[in-house]
Each structure stands twice: as C-alpha cells, then as structure tokens.
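**Student:**
Protein chains: 2
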Amino acid sequence: MLNRVRSAVAHLVSSGGAPPSRPKSPDLPNATSAPPAAPPQAPRSPPARAGSGGAAPARTVEARASFSRPTFLQLSPGGLRRADDHAGRAVQSPPDTGRRLPWSTGYAEVINAGKSRHNEDQACCEVVYVEGRRSVSGAPREPSRGQGLCFYYWGLFDGHAGGGAAEMASRLLHRHIREQLKDLVEILQDPLPPPLCLPSTPGAPGSSDSSQLVGPQSCWSSQKEVTHESLVVGAIENAFQLMDGQMARERRGQQVEGGCCALVVVYLLGKVYVANAGDSRAIIVRNGEVIPMSREFTPETERQRLQLLGFLKPELLGGEFTHLEFPRRVQPKELGQRMLYRDQNMTGWAYKKIELEDLRFPLVCGEGKKARVMATIGVTRGLGDHNLRVCSSTLPIKPFLSCFPEVRVYDLTQYEHCPDDVLVLGTDGLWDVTSDCEVAATVDRVLSAYEPNDPSRYTALAQALVLGARGTPRDRGWRLPNNKLGSGDDISVFVIPLGGPGSYS
Amino acid sequence: MLNRVRSAVAHLVSSGGAPPSRPKSPDLPNATSAPPAAPPQAPRSPPARAGSGGAAPARTVEARASFSRPTFLQLSPGGLRRADDHAGRAVQSPPDTGRRLPWSTGYAEVINAGKSRHNEDQACCEVVYVEGRRSVSGAPREPSRGQGLCFYYWGLFDGHAGGGAAEMASRLLHRHIREQLKDLVEILQDPLPPPLCLPSTPGAPGSSDSSQLVGPQSCWSSQKEVTHESLVVGAIENAFQLMDGQMARERRGQQVEGGCCALVVVYLLGKVYVANAGDSRAIIVRNGEVIPMSREFTPETERQRLQLLGFLKPELLGGEFTHLEFPRRVQPKELGQRMLYRDQNMTGWAYKKIELEDLRFPLVCGEGKKARVMATIGVTRGLGDHNLRVCSSTLPIKPFLSCFPEVRVYDLTQYEHCPDDVLVLGTDGLWDVTSDCEVAATVDRVLSAYEPNDPSRYTALAQALVLGARGTPRDRGWRLPNNKLGSGDDISVFVIPLGGPGSYS
C-alpha cells in the first residue's frame, strides 16, 4: 500500500492531470453557535458536496488507500496507519535517518481528535529550480545569464470539507510559482530595474520582430518604479490565482473536494516571502523577539470586504442574507424597534430601525472561532471551495472567498541571524491554543537543550510545539498541563532555521 | 461687509436651509503630470461645474462679499481683505484679546499663493451641548440622568473645486454629530453595556407599547459585545454620511460647490476621537514623541478599493477607463507586448499581454501629489463632489470617492499629559513641506520659549508651523530657509493642548 500512497503523492500533475480520487470527509470544525431562528437553515459547517460520496463518506478500502501524508515523512504502511489514528494521535516527523529537509527544517504533525476522517492538513518542502525561458528579449541568451534560479519552498495547507484541495495544492502550488518565475529569471538577476514592457510571449506570433526590451529610459518621466521584490510578490499572487483556477476546472471531474488555507514561504535571492491565505500563521522568533509574518483572514478580519461585496453585488446574497451586521440575529418581533448594526463602511456601531429585510440572516455573523460567512465557513481566503454552497440552498459561497494571499517580505541579509532564530509556520491547530509568546518561550526552551549545530534540534522543536498544542489524553479529552482542552484539530508545524545552515544561496 | 460675512457664517442651518451662494473657484492644485496620450482628454484638475459661473468665476463684488473666514478669527473688513491677499499671505490667528478658543487651542492659517481665488480651507472650533431625546426607553427621564453631554469639537476642511463644501461642512458637520449623539446621551452615561435593541423612535407610531429596553441579558449567548466607544465612532461615521447626503441634496440649488477633505476631533467623556476623510493629518506630540492619529486617503493609499469598485461595477468606468494599473500609460504601438500591471487583488507587479482595452486610461495613475483618480482628483475621501465629472465627459467621479472617515481613538485618561503635549491638526498645505518630526521639533522649540501656563503659546506654535510651511517671498516664490519652495497651498493648523488647561470634563 505504501507504494500506492507514494505514487499518489508523487503523481505530480503540472497541467491539469487528474490526481487519484479520494473520499469526501465531513469537514469544517463543528460550529457551536446557535442555529438561526429563521430560514435559511444555516449549516454549522459546509457539507461535502462534490463527488458521489454524499455526506457520509464510505469507509471503503479503496478510499482508505488514497489517503496520503507528505512524502518527506517516509511513512511505512504501518506508519501511515498510526498517522491516521485519531485515538493515539501520534506525532509524526521525518525520520532521523536519511536525507534531512532543506536547511535542516523541522517538521511535525498530528491528526485531529476525530473531527474529520483523515488529517486534512498537508505540507510540502522543496528546492525548486527555475529554468528561464529563452531570453525574454528574444535574443539568444548570453552565457553568463543562462543560469536558472533556485528557490526554497515550504507550504502548509489546511483543508476543510474534504482533503482534496489541500492535497492538490501541496503537489502543485510550487509548480505554479515556478511557472510564474520563469519569465523573471533574467530580470531578477539583472541589477537594473525591471523593464516595464517586454516583447510579446517568446515564440508567439508577432514576437520575432521585437528585438529590444522597452526599458524604463524610453518611458514617460511619470512612470512608477517597480522593484524586483514586487515582481516576486506578483508572481506568488498570480500563482495562487492560477492554482485556484485549476481547482475550479478540475472540480468538474470531481477530483478536487473542499478547500484549503495556504501558508507558503519562498526563499529567493536573499529574501523570505511569506504568503498567507487563510487562518494559518507564520512568525519569526529572532533573539527571543516575535516578528509577525502573516495575519489571519476570517469573517471578522475581512468583515468590511465581505459586506462591501454583498452591498455592491446584492445578487450574491440571493435574497437570503443581509450585508448588514447585527450583534445577534434579529427576531421578527423586533420589527420597528431599533437595533445596533454596522454597515460596510463603519467600524463603529449605531442604531437603525429594523425593517423586513433586516430579518435575513447576516452575511457575517459570530465571533472568534465561531465567526462564519453565510453561516457556513470560518475562513475567507484560501484555495478551492468552488463547490461550496449554503446548506439547503444553491447559493454559492465562493464569490466571497478570495484566493489571493497577503505576501510579506523579510530580508534575510539585513540582520545577522544566530542558530536560534527561526521562522515558525503553523496551521490553526497550533495557534488556537498557543500564543506567539508561548511559541517563543518553547523555541528558547527546546533549542537551548541542543547543541547549536545539532540539525535535529528543529525537528525536536516542531514536535514540542505540536505536543504542546495537542496535550495528553485525560478526563475524556486531550488536555494541556493547565487542564484546558488541547487542540482537537489537525496540527502541522514547520520550523525553519534562519541562521544555522550557513549559506542559502 | 463684516456683518454680512459674519451673518453668513453664523447662519447655522441644521436641517437643510440654504447657505448664501458663493462663487465657483478654479480648484484643485494643478497637476504637473503629462497629459494622456489618447482619449479621454483627462483634465489635470476638476472643473468647477455647479452653478452658473462656468469655468471662469466672475470676480464680482457680490461674489467677493460671500467669501468667509472662521468667525473665531474675528476679522474686521480690513482684516478679511488682508486674509484674502495672495501677495502678502499674512498669517491669521484669533486675536490675543477677547475670548480664547476652548482649551486655549492655538490656530493659524494662511491663504494660498494664487492657486485658487480664495482660501478654500475652513475651520471650526466649538463646545457642543447635546441634549438627550426623551428617555430612549420611552419612560419619563430620571432626574439623575436628565443631564445632557458636552463635547469639544475641532474641524479642518480643505476645499477643492470651490469653497462651498468646506464652508458648509464647517457650519454643519458638528450639528450632524450632535444629532447622532442625541440618542446616546443616556446610554453613554450608563456604566452598563449599551442595549442591543431600543424601542422604535420615541414618538413614532407603535413605540408607546415598548416599555422596556431589550438589554443584553435577553439575547443569545453569541451576541457581540458593543462598547460605548464604538457607539461614538458609529455616530461620527454616520454624521459624515448625513453631511454628505445633505450636500448631495442641496447641490441642486447650486449652494454647494466642490468638495472638501474633513479632519475632525471630538473630545467626549475622556476620549479623543480623530476622524479623517481626505489628506489632512493629525499627530499627537507627547513628550517629544510622535503618535500618528490619522492616515491620508489618496489614489495611492486607496488603490485597491478603487480598483475593486471599478472591477465589480465596470459601468462606472464608462468604457473610458481600465481598472488595471500600469506603471505608465500604455501606448497603442505596445499592443501584443507584455507590460507590468497590477490588478485589484495584487500588491506585487506582473507582466500581462497588452490588449485593446488596456489602452484605456487607468482609473488610478500617477504618484505622490500627482496621483489621480480618473485623471481628475487627488484625494479619495471627503464630503461633497457630487457634481464632479471627468473632463470632456459626463462620467461622475463621486462613486469612487468615499465620505466615510477613519476614526482613531485616544484615551486621554491613560496617560498624564504635560502642558507641552499637543494634538496638531493640519491641512496638506502644512504636511506637503513639513515632516512629523519637524513638527515635533517646532513644538519643542516654540513651547519651551513660553511659560507653561501662558495660554498664548499654542497660538504662537500654530503660527510658527504655518510660517514654517509658507516660507518667505524670495527668488520669485515662497521659499523655506533651505531655499526649497514653501507650500503654495492654503495652510491651516490647530494646536490642541492635551495637558495644559486642566479638567476638560
């Protein structure tokens, strides 16, 4: 079975090939907010709709076989079974023997406590070589510039409503990034500012007569300056969009189920690019200090964007939802009374007289982990979700979900890093029960117990972080030392050392 | 004439009454960016359209008479003439004799160097008493809660395309705020959380049977907590919207010309609320340290909001503009080539193949002070502008302009302020040539030259700031000591002491 799983993961489809089908899994964490008092019957979590499995996944051997974990875990068939065991929740890491992850990156993961059938997180860690297309100027490539570029890549993908989107993203997103960077190989290695205009796509009709780049010097004096860094940011942004588009196309073949949050790190030419779409999180811990490298995209943090879209495109609300926010559901008996509300332009609250259409369910409702868009989903950015609909309705939710990441850039060359400086990536399973400062404290505690040049220290740290968020089984639950509940979610953590492994170029 | 001007300013219209008509003035600062190479013929500054004056204002005696400056300047007819003199550019402040502004607030202003006929900045400083409506619960008011509320109010309004909007806002915006606060008088003085639901408007049909507030205790457990502070923020936000709506209604009577940026400070119950819509700026200088209290809203800072609106509502672009951003205007000969661009979801840049519709003029173009929406206007939030259209076109610009402010809150009680701690408000005439740090240095230099209890020190500081931004006439221009050009714009500055005058309640 190992071979079958491995080959499923290794089946790298860069241009639309079909990954192996896998079962639906019932999906988002159960919301505990009260159900709406009136139509629409808002679901607490989105149903898995695509495919033939329906709501209750068939626990067949075939379905089981298509379950996969990251190849770098090198799991044996028995190891895969243990990784898939909700009762034991054994923490998984790459084996100590054999090839380490690039930069001696640490990784650990654990499956959820039963909220979905499999671990819906996925992870990827790769060194990716980008071969430039033939010289963008159309001229034969100069030998000195003929070299491609390497980037280091880490990705965490937290799936919901099924594991398909996360699995697909973990296989393909870095390939989309590579594709976007191909045109930039020469430009990024040229100290001159990027040309504003290039001849048409090499090889395309009409491109052969364009023998020269249209450089900045030929342009208006009022042109904007565009940096190399912003080209990499744009490449990552467009790669996310293309990945999402591929999922939209392939869902028709029922290959892609659900959606996923995506948190991605690209190291290229001295800079670390952290791209986040969803509620995973990245922080740098440097000299004990926390530097946030992402923010979460949820119905609460994106309330105004969502409301604006509902206001400008009321047809997306299907007559079932109101774009206004209320502190709680409005009840029919409150018609004519005045209730607190927020419109899309407001950060404060005011009173408004309740009218009939205010009785519709609010587009955005709930707080914290219970916040939902259209009473259905608790994250507002990510990949996939093209099949996601409001329960008991045909209303699609996707227009409100954005696939675009926010990209933050950290210049590794601007600071001398020591072996204890790390970039920590975690899915929400980690951050739901662990603060930034607690992570920083664990970084200090664990790394100081190892020699600075011991490459296993980062895996030990990732394991400690996962264990600390999972807790131990006690009193009919997974509990932390302070007796609070540990995370019952899938938990995945990368620990990327910033100063240890020497030269990264 | 003084009486006429004074009565014009004192003519406080709280519910739609008509202010005296005034002449159009040619308007926004001249943009110096190159004109577009192809249709639409984009204007450098919006034409004054409302009213019968046309593009060239008639310099009649009547028009002149309706020019006004803030009443608190107590200008004599001669003083008004000097304040209106572009050649002398005398700095104006309230007289040393007579009643001071509340909190001994300092104020100074100077007219522009000729870019518009009159000073299009306006200012207002008031103590406003808010009488509560009869008890919101519908029950007779308890004597102990029968007291109203006072708020302190400062407003700077930087007009463009005419002085009408700024003048109207300076007369009326605080009245709209008062109106919004009337319902909150009891609630804000009650230590309990605000009720989520109130009976219908007192006196309105059907309200008499609602004898009780629907307090939080009766609501679902998942209701949001709404703070008193957020009610004040909501009141200010809605007041801006209602002010803008009044301008929209009254423009038909040709009473309101142009638009204005609005920067407003409300002090209420221990907290300072700074609301900004436009490119004015507020900073606190506390113990020499700068605390930004606003941000500017320009085509650059609001690029993504503008592009998103153009993308979602392409009809607003009238087939003349593209929502995509390019580093410079695309030329017809570049069709089929690939040029750098940014879409509404992107912060980075990428290359795209130029198609026919990319030859349209970009919705957002230019950089810094030359940035423009629809090649017309350089600010993206404010009041008015309901008549503003793209030059040589009927395309309205207003849908892209937002009247909603961003409100920041500063809790005065959280820090012990000394007499040198001040809140500085300035129109862009100040900030175009003066950095936050330079303002902080001037605060230190000027205030230390006066006794801490000398109430004239804040006016002296405001004057120093205005003079420092205006410069002195030399080499055919107004120049700063470093020989750079001073600001040729209208300049207006409030200096609000945070720790001097003692109790503010």
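Residue numbers (numbering that gives the first Met the number 0), protein chains in the order written: chain A, 0 to 504; chain B, 0 to 504. Virtual Cβ for every residue (Gly too), placed ideally from N, Cα, C.
#1: So if DSSP puts residue 91 of chain A in a beta bridge, which residue, or which two residues, is it bridged to?
#2: Do we get a CB-CB distance below 7 Å when we pair residue 152 of chain A with the residues of chain B?
#3: Would residue 338 of chain B count as contacting chain A if we go by Cβ distances under 7 Å?
#4: Is the beta carbon of residue 459 of chain B closer than 7 Å to that of residue 442 of chain B?
#5: Of all Cβ atoms in chain A, is any one closer than 7 Å to the Cβ of residue 232 of chain B?
#6: Closer than 9 Å between beta carbons: that is the criterion. Which residues of the stretch 283-303 of chain B meet it against chain A?
#7: Anyone know if the C-beta pair for residue 148 of chain A and residue 184 of chain A falls short of 7 Å?
#8: Listing by chain order, which chain A residues have their CB less than 7 Å from the CB of residue 345 of chain B?
#9: Are residue 305 of chain B and residue 362 of chain B close, meaning C-beta to C-beta below 7 Å?
#10: Kindly list, in the order they appear in chain A, the residues whose Cβ is closer than 8 Å to that of residue 403 of chain B.
#11: Using a Cβ-Cβ cut-off of less than 9 Å, give me the residues of the stretch 180-197 of chain B that come near chain A, in sequence order.
#12: Check distances from the C-beta atoms of the stretch 443-463 of chain A to those of chain B and list, in chain order, the residues that come in under 7 Å.
#13: Alpha carbon to alpha carbon, how far is residue 427 of chain A from residue 128 of chain A? Give it in angstroms, no decimals.
#14: Looking only at C-alpha atoms, which of B:146, B:480, B:196 and B:485 sits nearest to residue 469 of chain B?
#15: Could you check whether the Cβ of residue 90 of chain B sits closer than 7 Å to any Cβ belonging to chain E?
#16: Between which two residues does the beta strand (DSSP E) carrying residue 124 of chain B extend?
#17: Short check: CB of residue 91 of chain A to CB of residue 72 of chain A, under 7 Å?
#18: Roughly how many angstroms lie between the CA atoms of residue 243 of chain B and residue 124 of chain A, to the nearest whole one?
#19: Apart from the five residues just before and just after residue 481 of chain A, which ones in its own chain have a Cβ nearer than 6 Å to its Cβ?
#20: So within the stretch 323-390 of chain A, which uninterrupted alpha helix (DSSP H) runs reach at least 4 residues, ignoring any that extend past its ends?
#21: Using alpha carbons as the reference points, say which of B:313, B:119 and B:352 lies closest to residue 325 of chain B.
#22: Taking the alpha-carbon of residue 490 of chain B as reference, which of B:449, B:478 and B:429 has the nearest alpha-carbon?
#23: How far does the beta strand (DSSP E) with residue 154 of chain A in it extend, from its first residue to its last?
#24: Nearest to residue 182 of chain B by CA position, among B:293, B:167, B:198 and B:330, is which residue?
#25: Using three-state DSSP, classify residue 302 of chain B as helix, strand or coil.
#26: Give the DSSP-derived three-state secondary structure of residue 235 of chain B in the structure shown.
#27: Is the Cβ of residue 350 of chain B closer than 7 Å to any Cβ of chain A?
#28: Put residue 436 of chain B into one of helix, strand or coil per three-state DSSP.
#29: Mind checking whether the beta-carbon of residue 445 of chain A lies closer than 6 Å to any heavy atom of the ligand SAM?
#30: Under the three-state reduction of DSSP, which class applies to residue 493 of chain B: helix, strand or coil?
#31: Where residue 328 of chain A and residue 230 of chain B are concerned, what is the direct C-alpha to C-alpha distance, given to the nearest angstrom?
#32: Quick check on residue 439 of chain A: buried or exposed, where buried means 16 or more other Cβ atoms within 10 Å of its Cβ?
#33: Rounded to a whole number of angstroms, what is the C-alpha to C-alpha distance between residue 403 of chain B and residue 239 of chain B?
#34: In chain B, which residues lie with their C-beta within 9 Å of the C-beta of residue 491 of chain A?
#35: Is the distance from the Cβ of residue 69 of chain A to the Cβ of residue 122 of chain A below 7 Å?
#36: Less than 7 Å separating the beta-carbons of residue 289 of chain B and residue 153 of chain B?
**Tutor:** Let's see:
#1: A:108
#2: no
#3: yes
#4: no
#5: yes
#6: none
#7: yes
#8: 233 and 236
#9: yes
#10: 344 and 345
#11: 182, 183, 193, 194, 195, 196 and 197
#12: none
#13: 30 Å
#14: B:485
#15: Here chain E cannot be found, since the structure's protein chains are A and B.
#16: 120-129
#17: yes
#18: 53 Å
#19: none
#20: none
#21: B:352
#22: B:429
#23: 148-159
#24: B:198
#25: helix
#26: helix
#27: yes
#28: helix
#29: Among the components of this structure there are no ligands whatsoever, and the ligand SAM is therefore not found.
#30: strand
#31: 19 Å
#32: buried
#33: 6 Å
#34: Simply none; closest approach about 26 Å.
#35: yes
#36: no
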